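Inspection log for the structure reproduced underneath, given as structure tokens.
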Amino acid sequence: SVKQGTISQFFATT
Amino acid sequence: MFEARLVQGSLWKKLLESIKDLLNEAIFDCSSTGITLQAMDSSHVSLVSISMNSDGFDTYRCDRNLSMGIHLPSLSKIMKCAGNDDIITMKATDDADTVSLVFESQNNEKVSDYEMKLIDLDTEHLGIPETEYSCVVKMPSSEFQRICRDLSQLGDSVVIACTKEGVKFSASGELGTGNIKLCQSASTDKEEEAVVVDMNEAVCLTFALRYLNFFAKATPLSAQVQLSMSKDVPLVVEYKISELGFLRFYLAPKIED
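Which chain is which? The protein sequence lines are R and A, in order.
Start counting at 1 in the first sequence, then tack on 815, and there's your number in the numbering used here.
Number 51 in the numbering used here belongs to position 65 of the second sequence; there are no gaps in the numbering.
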């Protein structure tokens, strides 16, 4: 099955 | 003092229409170089990034950096009060808790002004790394909107497969499957109608159509849309805002569990 990722998984807080 | 005057005021109207259903609130960061905005939707699946260069405005002044917290559905309501041909000026004083919007008709016979309350927002800022994408597809924005709408009839997700021949969008669900294949345009007489694929490495990624349909609300902003993709990273859907800058949407992919 596929799971929806989130943006914070990819881009770090500055 | 902050003041930004845009003769082509309809761009503001289109921009707000593009994001108001996806974002409830956001900070407009104003500096001497222009206006930027970065915000995630409430479920943190997508991110909106806007950049408007000061050079693109007809008059632009920003003496001190200013962060304006704005309730977007409210701003959208006010922008709807502007005529499509109106000149729009946005103004605020340095320590303002409101922003002023002035709409002037082209013949200068009607001038309306509105004042809107700003809101306190504390949002995190994300660093978006400069990335070389495996595939970059340019296509007519209306075609992209149509594909997202049509495939939503079949399922919640779209698989985008990009090779050097072209790009294929596929969806499947209880009623069956659908595939839409776009080939790279042979001739590029009409730049706005062209499909151009720039590929380093083939990619195949899955995305939620619900978000792509939100992004497609930006279609009136630009005749072309650019999709940038690499394996297992967010898709970038970019619309140019005339000479002003860009509106980019980032969408986290669906990943094999």
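Every residue, glycine too, gets a C-beta built ideally from N, C-alpha and C.
It should be emphasised that the depicted structure is a prediction, and the values quoted were computed from it without experimental measurement.
I'd like the span of the beta strand (DSSP E) that includes Glu101/A, first residue to last. Val97 to Lys103
With burial defined as no fewer than 16 other Cβ atoms inside 10 Å of the residue's Cβ, what is the status of Ser109/A: buried or exposed? Checking the displayed sequence, the identity of residue 109/A turns out to be Thr instead of Ser. That one is exposed.
What does the alpha-carbon distance come out to for the pair Asp81/A and Asp15/A? 14 Å
Name the residue from Ser138/A, Thr149/A and Glu151/A whose alpha carbon lies nearest to the alpha carbon of Ala157/A. Ser138/A
Judging by CA-CA distance, which residue of Asp71/A, Ser40/A and Glu116/A is the nearest neighbour of Lys96/A? Asp71/A
Contact under 8 Å by Cβ, Ile5/A with His57/A: no
DSSP three-state assignment for Gln(-6)/A, whether helix, strand or coil: coil
Quick one: what does DSSP say Cys67/A is sitting in, helix, strand or coil? coil
Look up His57/A in the DSSP assignment and give the residues it is bridged to. Glu11/A
Tyr236/A versus chain R: which residues are under 7 Å apart at the beta carbon? Ile822
Run down chain R in chain order and give the residues with a C-beta less than 7 Å from the C-beta of Ala194/A. Gln819
What separation, rounded to the nearest whole angstrom, lies between the Cα atoms of Gly293/A and Glu101/A? Because chain A spans -13 through 243 in this model, residue 293/A falls outside it and cannot be assessed.
Establish whether the CB of Lys240/A and some CB of chain R are separated by less than 8 Å. yes
Count the CB pairs spanning the stretch 109 to 124 of chain A and the stretch 206 to 216 of chain A that are closer than 8 Å, and state whether there are at least three. yes
Which class does Asp136/A belong to by DSSP, given the choice of helix, strand or coil? helix
How about Ser17/A and Cys67/A: are their beta carbons less than 8 Å apart? no
Using a Cβ-Cβ distance cut-off of 8 Å, determine whether Leu9/A contacts chain R. no
Any beta carbon of chain R sitting closer than 8 Å to that of Glu110/A? yes
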